[in-house]
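Enquirer: Once you've had a glance at the structure underneath, I'll fire off some questions.
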Amino acid sequence: MHPSHENQLVRLKKVEGQVRGIQTMIEERRYCMDLLSQIRAVTGAMRKIE
641 MHPSHENQLV RLKKVEGQVR GIQTMIEERR YCMDLLSQIR AVTGAMRKIE
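Residue numbers for the sequence shown follow the numbering used here, so the first one is 641 and each next one is one higher.
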């Protein structure tokens, strides 16, 4: 596997975990500002994958 692909997969797995966390937060009806903070983190992580 190409080294950059391996790096991208690691980042995608991190994003996957973050998205699952957001899903749990929504199910638990967590505070919207906490959700927005996590969504911004996912957005930033996705930008790094590009």
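No residue lacks a Cβ here, since even glycine has one placed at the ideal position from N, Cα and C.
1) Under 8 Å, with one C-beta from each stretch per pair, do the region 679-688 and the region 642-658 reach the 3-pair mark?
2) Quick one: residues in its chain with C-beta nearer than 8 Å to the C-beta of V659, no 5 flanking neighbours on either side, listed in chain order?
3) Give the range of the alpha helix (DSSP H) segment to which M609 is assigned.
4) Need the endpoints of the alpha helix (DSSP H) that E656 sits in, please.
5) Among residues of its own chain, excluding the 5 on either side of H645, which ones have a beta-carbon nearer than 8 Å to its beta-carbon?
Expert: A quick look at the data gives this:
1) yes
2) V682
3) Nothing in the structure corresponds to residue 609, since the chain is present only between 641 and 690.
4) 643-667
5) none
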